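Each residue of the sequence shown is one higher than the last, beginning at 40 in this note's numbering.
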Amino acid sequence: MEAQQLLNNYSAFKVEEIKGRYLSYEMIVDYLKNLPAYFNLKIEGTSVLSENIYSIEFGNGPKKILMWSQMHGNESTTTKAVLDLLEYIVTDQNDDFKNSVLEFCTIKIILVLNPDGLKNYTRVNAKDVDLNRDASNQTQPESQLLRKVFDEFQPEYAFNLHDQRAIFSAGKQNRPATVSFLAPAYNEVRDVNEVREKAMQIIIAMNNYLQTVIPGQVGRYDDSFNINCVGDYFQNRGASTILFEAGHFANDYDREETRKYIFLSLYYGLVEIITSDYKNQNISDYDKIPENEKLFYDIIIKNAEVNGAIKDVVIQYEESLRSNRLHWLPKLQGIGDFANFFAHKTLNAKNKILRINGVKNFENETYIEEISLNNEIISIKLTNS
Ligand SMILES: [Zn+2]
Numbered sequence: 040m041e042a043q044q045l046l047n048n049y050s051a052f053k054v055e056e057i058k059g060r061y062l063s064y065e066m067i068v069d070y071l072k073n074l075p076a077y078f079n080l081k082i083e084g085t086s087v088l089s090e091n092i093y094s095i096e097f098g099n100g101p102k103k104i105l106m107w108s109q110m111h112g113n114e115s116t117t118t119k120a121v122l123d124l125l126e127y128i129v130t131d132q133n134d135d136f137k138n139s140v141l142e143f144c145t146i147k148i149i150l151v152l153n154p155d156g157l158k159n160y161t162r163v164n165a166k167d168v169d170l171n172r173d174a175s176n177q178t179q180p181e182s183q184l185l186r187k188v189f190d191e192f193q194p195e196y197a198f199n200l201h202d203q204r205a206i207f208s209a210g211k212q213n214r215p216a217t218v219s220f221l222a223p224a225y226n227e228v229r230d231v232n233e234v235r236e237k238a239m240q241i242i243i244a245m246n247n248y249l250q251t252v253i254p255g256q257v258g259r260y261d262d263s264f265n266i267n268c269v270g271d272y273f274q275n276r277g278a279s280t281i282l283f284e285a286g287h288f289a290n291d292y293d294r295e296e297t298r299k300y301i302f303l304s305l306y307y308g309l310v311e312i313i314t315s316d317y318k319n320q321n322i323s324d325y326d327k328i329p330e331n332e333k334l335f336y337d338i339i340i341k342n343a344e345v346n347g348a349i350k351d352v353v354i355q356y357e358e359s360l361r362s363n364r365l366h367w368l369p370k371l372q373g374i375g376d377f378a379n380f381f382a383h384k385t386l387n388a389k390n391k392i393l394r395i396n397g398v399k400n401f402e403n404e405t406y407i408e409e410i411s412l413n414n415e416i417i418s419i420k421l422t423n424s
């Protein structure tokens, strides 16, 4: 189906009750428990804080695909997109996609690998370890669990699902990287073998579909090799591994728009695997996807008077969980010339005097409670989810 058609019809299969950046683990587990019987739900093990970690497996085909999301606990967008994918399969009216998935694929998904991190809204697990730097060391129960599932399931394809910060642009253009991909390297010299080539070809195909709905907003991560990163490790072990990164879309801090583009990526990734159409892609097109650059701030205030001089001021939101609600705290990130950067929101101060928290003299990295131009307060508050 065409990408735009899927977007137009999104409300028919969106798991509406699970939304925002901070998700309820209980609601996710409830959703999984209520899936039809052809989804096989299993407790694979437990987290550091003894939360159950679940997998679901479905389909009876020869193409084996392993997916895992929220290995970084504060990266929830791909989890929402996978839920929508499951709902799409459950509710698929003409049954084409559903039937070919069930006939040609066996899919195993760990929806939340790091439930302690989900609950505390942290990247790391409860022992403060980044699980994506523990692939070969295997010091944490969550890393050991993923390795066990990988060894038992022996996937041909692996989807490693993440969020990236809003700082990334797709190349050097004024375009946020709403979705980024990587076919991780499997060795130091970053060779392309048959395993990695397949991952690159699927990325090229997914990018082609995404360009029809978010032109210029797809980026590519750099491929420096680290065997302790899960993607690099699994690529090295012979599974064609793709890193998916959900990023910023205009005015969408809850990432409810981005979830749709991740859904499309997953949907077309599976379509390409089912049809093997990706094998027609030429990997020289992989390098044509622009590399991610760190060129975005959340807010740039241009031409503000700061200490008697006219400067640009850049602000970044910092996410903070307080009483089970996520807040975005604006924080000053720089004062100077930011002509070569972009922002999700740009304000022109027209040489007015900038005050932060009531004063004209402020330090970098100040948390901003109140901001004003010539004593007129400007609003930069985001609604909390
Ligand atoms: Zn991540």
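Quick reminder that beta carbons are idealized off the backbone N, C-alpha and C, glycines included.
The structure displayed is predicted, hence computed values, not measured ones.
Here residue 105 has 147, 192, 194, 197 as same chain residues with Cβ atoms under 6 Å from its own Cβ, once five neighbours each way along the sequence are excluded. Closest in C-alpha terms to residue 98, from the list 347, 136, 117, comes 136.
Each residue's CA atom was taken as its position, placing residue 151 and residue 342 some 44 Å apart. Rounded to whole angstroms, the separation of the alpha carbons of residue 280 and residue 229 is 14 Å. In this structure, DSSP gives residue 250 a helical state, which the three-state scheme calls helix. Under the three-state reduction of DSSP output, residue 351 falls in the strand class. Taking the CA atoms as reference points, residue 172 sits about 12 Å from residue 264.
A contact between stretches requires three or more CB pairs, one per stretch, nearer than 8 Å, and the segment 213-225 fails this requirement with the segment 121-137. Runs of the beta strand (DSSP E) lying entirely within the segment 91-158 and spanning at least 3 residues, in chain order: 91-97, 102-108, 144-149.
For residue 114, the Cβ falls inside the 7 Å cut-off from some heavy atom of ligand 1.
Distance from residue 258 to residue 331 at the Cβ level is roughly 4 Å; contact confirmed, criterion being Cβ atoms closer than 8 Å.
Inclusion of residue 155 and residue 90 in the CB contact set at 8 Å is warranted, their separation being smaller than that value. Excluding its 5 nearest sequence neighbours in each direction, residue 350 has C-beta neighbours in its own chain below 7 Å: 343, 374, 375, listed in chain order. Secondary-structure assignment with DSSP links residue 259 through a beta bridge to 220, 330. DSSP lists 92 as the beta-bridge partner residues of residue 84. Looking at the DSSP output, residue 406 sits in a beta bridge with 370.
The segment 110-123 and the segment 54-67 touch, with three or more beta-carbon pairs separated by less than 8 Å.
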